[in-house]
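S.K.: The numbers in full-length UniProt numbering rise by one with no breaks, and the one at position 350 of the sequence shown is 350. Just so you know, even glycine gets a beta-carbon here, dropped at the ideal spot from N, CA and C.
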Amino acid sequence: MAATTTTHAPSLSFLLSHPHSAAPQLRLRPSPHHRLRCATDAAAAPAAPAKHRRPADENIREEAARHRAPSNDFSAWYEPFPPGPDGDPHERYSLDEIVYRSSSGGLLDVRHDMAALARHPGSYWRDLFDSRVGRTTWPYGSGVWSKKEFVLPGIHPDHIVSLFEGNSNLFWAERLGRDHLGGMKDLWVKHCGISHTGSFKDLGMTVLVSQVNRLRRAPLSRPIAGVGCASTGDTSAALSAYCAAAGIPAIVFLPANRISLEQLIQPIANGATVLSLDTDFDGCMRLIREVTAELPIYLANSLNSLRLEGQKTAAIEILQQFDWEVPDWIIVPGGNLGNIYAFYKGFEMCRALGLVDRLPRLVCAQAANANPLYRYYKSGWTQFQPQVAEPTFASAIQIGDPVSVDRAVVALKATNGIVAEATEEELMNAMSLADRTGMFACPHTGVALAALFKLREDRTIGPNDRTVVVSTAHGLKFSQSKIDYHDKKIEDMACKYANPPVSVKADFGAVMDVLKKRLKGKL
Ligand SMILES: Cc1ncc(COP(=O)(O)O)c(C=O)c1O
Ligand SMILES: N[C@@H](CCOP(=O)(O)O)C(=O)O
């Protein structure tokens, strides 16, 4: 007897509010270290009774202090960007100064004493960094601080504010590459968003907040009342979490109604002062710069070059995960454009110090609705025109006047780089297709993936090129865009990979009918 079935697709929003459909708990997983080589041979260790290696009343900071290595002679400082070949000896600032701009109003860059670092061969640095992976030894268990000598060599470990960030999954995108990108064998996704606050911003924020912690504490005792940023949702989340961990006030300026609910709740939960402003990100950025010039509030946006020192470790980590072999391509979604430069800095530092022998080619991917860099690139780098960025599902990169545009140009020119763009439909389809192969990508990662599809199609990227797509945030932060897509609720978008749930009567026959139809030819 044929059972009556209901096979229409109900709205996802309906299912979420239905009394019988329990809303799933959103939980971010801690980042696994699984592909990184670990110096310890834990797997081979015999099962032994748990034994503390430190006295029970000692924590890992105190333990590290007991074992403290003699201080090194490495150092870093601020210089105007772009630096001259040997730096400009006339303008140099200590990292303990509070300064964001050069005397001419330009950007600053953190510069390391490369001659001191070069006293060791590349193999020394590779072995040192490899030996620290996956440990809890303070502060080296962090993927950022495991490279401390390349980041902030002078900071005392007691001042470091770390949530054991970094060491993120380098995911082999086997099915996406093989089935959807013309048989790509060596396609990887660096999951920087599977992190403490769900985005790559943690990498830079641990560095910035640690330095603020140092400045506020004796003997420097700087009167910094708090740390502030403008944000499209991820910088604010990271700043709030690290400040909360350190007990430092955080102030965040957010463009009202332009960030996701999941992003908004993060600083609120972490106790930050949250100002929701009736403007876009660029407007928030202008305001925070004015406010930090007036009040003793330290600026946490990537205009502050300290952030990039942490973010660059993602590049070093990629090299490490490939056993110090350089990939051919790195694709990074770009908004305020600090991160593309941070990747370049990480790769270039490893090249200059002999850890590797070349640079990968960088691709910066922008949403077509917020594409000032793409337009600049298309003009042959002749004319940069800031714009009023249009709304995009990749809301964290809805930025029309990027602070680090000059840094991005340096990174792209030095790596024979490319700038690509993706329409809303392209980025949502790319994200959804990646999800179908086992990921749960965010729309910004969708922008980078859409760029990859285009570069494969025009054969710029070959099937055997080792390619890394940088995933910048956790997809769970942007679930509303996925709900709208799978609900087919997006105007003028076919949503070709939509997979709406099927509402079925709770009846064996009805369920069987649906399954037979769905699995036709496979049963
Ligand atoms: C999730 C996400 N992806 C990409 C970006 C772009 O990074 P950047 O501003 O450094 O270009 C941002 C922030 O701007 C972001 O929050
Ligand atoms: N996507 C960013 C925008 C601000 O970028 P920043 O790197 O300059 O802080 C955010 O999440 O706020």
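Where do the ends of the alpha helix (DSSP H) carrying T460 lie?
M.R.: No alpha helix (DSSP H) holds T460; DSSP gives it neither H nor E.
S.K.: Expressed to the nearest angstrom, what Euclidean distance is found between the alpha-carbon atoms of Q25 and I265?
M.R.: Its pLDDT being 33, under 50, Q25 is placed unreliably by the model, and the measurement read from it follows with that caveat. Each residue's alpha carbon lies about 15 angstroms from the other.
S.K.: How would you call R307, buried or exposed, if buried means at least 16 neighbouring beta carbons within 10 angstroms?
M.R.: So R307 counts as buried.
S.K.: Which first and last residues belong to the beta strand (DSSP E) in which E91 is found?
M.R.: That residue, E91, is in no beta strand (DSSP E); it is neither H nor E in DSSP.
S.K.: Quick one: any contact between the region 192 to 199 and the region 284 to 302, if contact means 3 or more CB pairs under 8 angstroms?
M.R.: No, the region 192 to 199 does not touch the region 284 to 302.
S.K.: Cα-Cα, which of G177, H180, E149, G134 is closest to S168?
M.R.: Here the closest residue by C-alpha is G134.
S.K.: Would you report the Cα separation of E79 and D357, rounded to the nearest angstrom?
M.R.: Cα to Cα, E79 sits roughly 26 angstroms from D357.
S.K.: Answer yes or no: do G400 and D282 have a C-beta to C-beta separation smaller than 7 angstroms?
M.R.: Yes, they are a contact pair.
S.K.: Can you tell me the Cβ-Cβ gap for T467 and L452, rounded? I've got them flagged as a contact below 8 angstroms.
M.R.: 7 angstroms between Cβ atoms; contact.
S.K.: Does M428 come out as helix, strand or coil in the three-state DSSP assignment?
M.R.: Here M428 sits in helix by DSSP.
S.K.: Whose C-beta lies closer than 7 angstroms to the C-beta of K454 among residues of the same chain, with five residues either side of it excluded?
M.R.: Closer than 7 angstroms at the Cβ level, and outside the excluded window around K454, lie A420.
S.K.: Compute the Euclidean distance between the alpha carbons of residue 524 and L337, then round it to the nearest angstrom.
M.R.: Since the first and last residues shown for the chain are 1 and 523, residue 524 lies out of range.
S.K.: With K516 as the anchor, note down where its alpha helix (DSSP H) starts and where it stops.
M.R.: Unbroken alpha helix (DSSP H) run through K516: 508 to 518.
S.K.: Between the beta-carbon of K201 and the beta-carbon of T232, is there less than 7 angstroms?
M.R.: Result no, Cβ atoms of K201 and T232 do not sit closer than 7 angstroms.
S.K.: Looking at L337 and ligand 1, is the gap between the Cβ and the nearest heavy atom below 6 angstroms?
M.R.: Yes, since a heavy atom of ligand 1 falls inside the 6 angstroms radius drawn around the Cβ of L337.
S.K.: Between the alpha carbons of P327 and I397, how many angstroms are there, rounded?
M.R.: Each residue's Cα considered, the two are about 25 angstroms apart.
S.K.: May I have the straight-line CA-CA distance separating Q472 from L427, to the nearest angstrom?
M.R.: Note on residue identity: the sequence assigns Thr, not Gln, to residue 472. Those two C-alpha atoms are separated by around 14 angstroms.
S.K.: On the DSSP bridge list, what partners appear for V110?
M.R.: Y78, per the DSSP bridge assignment.
S.K.: Suppose you measure from the CA of residue 531 to the CA of R54; what does that come to, to the nearest Å?
M.R.: The structure shown has nothing for residue 531, since the chain only spans 1 to 523.
S.K.: Taking C-alpha atoms, which residue in P391, T415, A408 lies nearest to T423?
M.R.: The option with the nearest alpha carbon to T423 is P391.
S.K.: E165 and H120: beta carbons closer than 7 angstroms?
M.R.: Going by C-beta atoms, E165 is not nearer than 7 angstroms to H120.
S.K.: Please report the distance separating the alpha-carbon of A241 from that of G438.
M.R.: Computed Cα separation, rounded: 29 angstroms.
S.K.: With respect to the alpha helix (DSSP H) encompassing W381, which residues constitute its N-terminal and C-terminal limits?
M.R.: That residue, W381, is in no alpha helix (DSSP H); it is neither H nor E in DSSP.
S.K.: Quick one, which of S131, S199, R178, P333 has its alpha-carbon nearest P463's?
M.R.: Closest option to P463, Cα to Cα, is R178.
S.K.: From the DSSP output, read off the bridge partner residues of V470.
M.R.: According to DSSP, which records beta bridges pairwise, V470 is partnered with K190.
S.K.: Tell me the start and end of each unbroken alpha helix (DSSP H) in the region 156 to 210 that is at least 4 residues and wholly inside, in chain order.
M.R.: DSSP runs (the alpha helix (DSSP H)) wholly in the region 156 to 210: 174 to 180.
S.K.: Reducing DSSP to helix, strand and coil, say where R126 ends up.
M.R.: In this structure, R126 counts as helix in the three-state DSSP scheme.
S.K.: What residues in its chain sit with their C-beta under 6 angstroms from that of G475, if we drop five residues either side in the sequence?
M.R.: Closer than 6 angstroms at Cβ, skipping near neighbours: F440, A441, C442.
S.K.: Quick one: measure Cβ to Cβ for A116 and D73, integer angstroms, because I've assumed they're closer than 8 angstroms.
M.R.: Contact flag correct, Cβ pair sits at about 6 angstroms.
S.K.: According to DSSP, R358 sits in a beta bridge with which residue or residues?
M.R.: Per DSSP, none; premise fails for R358.
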